[in-house]
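One structure is given here, and the rest of the page talks about it.
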Amino acid sequence: LDGKTALNNGVSQWITGPDARRDGHRWRARACAILTGIGTVRDDDPQLSVRDFDTPRQPLRVVVDSTLETPLTAKVLHGGAVLVAAAVDDEKRANSLRAAGAEVAVLPNPHGKVELKALLEELGRRGINEVHAEAGFKLNGSLLREGLVDELLLYLAPCLIGHDASGLFNLPELTTLDGKRRLQIRDLRQVGADIRLIARLL
Numbered sequence: 071l072d073g074k075t076a077l078n079n080g081v082s083q084w085i086t087g088p089d090a091r092r093d094g095h096r097w098r099a100r101a102c103a104i105l106t107g108i109g110t111v112r113d114d115d116p117q118l119s120v121r122d123f124d125t126p127r128q129p130l131r132v133v134v135d136s137t138l139e140t141p142l143t144a145k146v147l148h149g150g151a152v153l154v155a156a157a158v159d160d161e162k163r164a165n166s167l168r169a170a171g172a173e174v175a176v177l178p179n180p181h182g183k184v185e186l187k188a189l190l191e192e193l194g195r196r197g198i199n200e201v202h203a204e205a206g207f208k209l210n211g212s213l214l215r216e217g218l219v220d221e222l223l224l225y226l227a228p229c230l231i232g233h234d235a236s237g238l239f240n241l242p243e244l245t246t247l248d249g250k251r252r253l254q255i256r257d258l259r260q261v262g263a264d265i266r267l268i269a270r271l272l
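When we follow our numbering, the leftmost residue of the sequence shown carries the number 71, and every step to the right adds one.
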């Protein structure tokens with residue numbers, strides 16, 4: 071309830087309950103792609119696949135990995151289509167990932183990071199019209215700062231983790247409340263022991 075997503079040591083399983091996790095897989099199933107960052111891949115080694123829910127297809131898994139550090143043993147590289155978005159054209163690392171079954175796209179911005187707007191435009195050209203970001207606070211913050219988020223789908227667990235835990239968005243400090251990000255709550259309901267909140271960015 072205090073907006074934290076993981077302990078500072080990276081532990082995050084399991085904050086929400088099984089009903090909320092199953093509900094999250096239903097939302098994954100309707101998405102065309104699931105987007106995450108290299109930090110989440112390293113720390114959590116997620117599969118990013120739909121499980122515990124019947125689906126005719128798995129979404130494309132997309133990893134934002136500026137310097138192509140995705141381990142070849144990462145679970146995300148197995149069980150379906152994967153796109154690794156990079157900012158460097160390192161042919162050796164790219165070829166290793168391709169040999170592991172991933173597609174690699176090099177989309178740098180002037181700061182040596184992945185150009186996120188260009189990535190979403192590329193996904194749009196592929197007919198992908200719904201992307202779910204399941205990422206850490208750095209990538210979440212970048213997506214929000216760059217105006218690339220339409221909607222938030224949040225699960226709130228009935229617990230408190232504390233001030234020093236990791237938050238949801240890496241955003242610049244505000245000096246006045248005029249700069250707060252305004253949302254319109256579209257849906258609010260209990261899912262098992264947890265609360266699911268859907269809100270649109272205004």
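Virtual Cβ for every residue (Gly too), placed ideally from N, Cα, C.
Segment limits, beta strand (DSSP E) that includes residue i
i           : result
residue 106 : 103 to 107
residue 202 : 201 to 203
residue 264 : 264 to 271
residue 90  : Unbroken run through residue 90 is the alpha helix (DSSP H), 88 to 100; no beta strand (DSSP E).
residue 152 : 152 to 156
residue 224 : 221 to 226
Span separating the alpha-carbon of residue i from that of residue j
i           : j           : result
residue 212 : residue 71  : 23 Å
residue 201 : residue 245 : 32 Å
residue 265 : residue 231 : 16 Å
residue 103 : residue 198 : 7 Å
residue 78  : residue 110 : 13 Å
residue 254 : residue 214 : 15 Å
residue 259 : residue 101 : 21 Å
residue 148 : residue 122 : 18 Å
residue 154 : residue 219 : 20 Å
residue 118 : residue 146 : 6 Å
residue 83  : residue 240 : 21 Å
residue 247 : residue 158 : 38 Å
residue 162 : residue 206 : 27 Å
residue 144 : residue 249 : 39 Å
residue 242 : residue 177 : 25 Å
Span of the alpha helix (DSSP H) around residue i
i           : result
residue 251 : Taken as a continuous stretch (DSSP letters only), residue 251 belongs to no alpha helix (DSSP H), as it is neither H nor E.
residue 173 : Run containing residue 173: none in the alpha helix (DSSP H); it sits in the beta strand (DSSP E), 173 to 176.
residue 167 : 161 to 169
residue 215 : 207 to 215
residue 192 : 186 to 195
Burial state of residue i (16 or more Cβ within 10 Å)
i           : result
residue 209 : buried
residue 204 : buried
residue 74  : buried
residue 263 : exposed
residue 270 : exposed
residue 115 : exposed
Integer-rounded CB distance, given that residue j should sit under 8 Å from residue i
i           : j           : result
residue 280 : residue 152 : Coverage of the chain is limited to positions 71 through 272, which leaves residue 280 absent and any answer about it impossible.
The segment 123 to 138 contacting the segment 220 to 238, beta-carbon criterion three pairs below 8 Å: The segment 123 to 138, when compared against the segment 220 to 238, does not touch it at the 8 Å Cβ threshold.
Contact the segment 187 to 196 vs the segment 90 to 100: 3+ CB pairs below 8 Å: At 8 Å Cβ cutoff, the stretches do not touch.
Contact the segment 157 to 167 vs the segment 137 to 147: 3+ CB pairs below 8 Å: The segment 157 to 167, when compared against the segment 137 to 147, does touch it at the 8 Å Cβ threshold.
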